[in-house]
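Asker: Numbering (our numbering), first residue to last: -5 to 209.
Ideal Cβ positions, reconstructed from N, Cα and C, are used throughout, including at glycine.
On a predicted model such as this, the values are computed, not experimentally measured, just so you know.
The structure follows.
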């Protein structure tokens, strides 16, 4: 059986980045998830605000984070401290970076998969897909047993300051974004990533089985 060439390995890495950024994009724009968590986590009770008010402020926050031309964060019902504004600015930069990577990798990743799929050679990345599929499983287990530590480690990795440590007095928006909501976001991203990887894996496995049958 043909093994992956160096070119294939680079193409596979691009594919993984594309799938990861796609999963992140779908997660950070998962409006229904926040709607669900407002009721599930009792965010109305925690903040003293109605569901409609929370969603209005959520849209204002996401509008700022998603659009590079919106320079100032303004929420009707949540004041933002200088430190809080700086943290959201850093988050905004990560959002834009994610979108940039998604766009840059989309064409080569889709072309790579399409080429392998149509030529019945998807099986050449079967082993790489199998190894990649283990990562979300391990991460998911760690998240279940120690999400607090994962959450803290993530912030230390992504940010070189402590601006992410919000004070509810000066940045009450943190009450509308409880840690459990972020757990659900992490979980959704992991599930989406794993689902896409497994879909490709089982297709590659099917193609390999078909090839062996023909031979």
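#1: If I follow the unbroken alpha helix (DSSP H) through residue 196, where does it start and stop?
#2: Please state if the CB of residue 118 and the CB of residue 110 are separated by a distance shorter than 8 Å.
#3: In angstroms, rounded to a whole number, what distance separates the CA positions of residue 122 and residue 25?
#4: Hey, could you find the ends of the alpha helix (DSSP H) residue 124 is sitting in?
#5: With distances taken Cα to Cα, identify the nearest neighbour of residue 202 among 15, 115, 178 and 104.
#6: Would you mind sorting residue 147 into buried or exposed? The rule is 16 or more other CB atoms within 10 Å of its CB.
#7: Assign residue 196 to buried or exposed, taking buried as 16 or more other Cβ atoms, counted over all protein chains shown, within 10 Å of its Cβ.
#8: Nearest CA to the CA of residue 138: which residue from 199, 191, 184 and 190?
#9: Is residue 111 helix, strand or coil by DSSP?
#10: Determine the contact status of residue 50 and residue 70, defining contact as a CB-CB distance below 8 Å.
#11: Just reading off the alpha helix (DSSP H) that residue 61 is part of, what are its end residues?
#12: Taking buried to mean at least 16 other C-beta atoms within 10 Å of its own C-beta, is residue 113 buried or exposed?
#13: Taking C-alpha atoms, which residue in 190, 158, 149 and 192 lies nearest to residue 79?
#14: Hey, how far is the Cα of residue 3 from the Cα of residue 47?
Answerer: With the structure as the only source:
#1: 173 to 208
#2: Contact flag set, yes.
#3: 33 Å
#4: 120 to 152
#5: 115
#6: By the 16-neighbour rule on beta-carbons within 10 angstroms, residue 147 is exposed.
#7: exposed
#8: Measuring C-alpha to C-alpha distances from residue 138 to each of 199, 191, 184 and 190 identifies 184 as the nearest.
#9: Of the three classes helix, strand and coil, the one that applies to residue 111 here is helix, per DSSP.
#10: yes
#11: No alpha helix (DSSP H) holds residue 61; DSSP gives it neither H nor E.
#12: exposed
#13: Residue 158 is the option with its Cα nearest to residue 79.
#14: 48 Å
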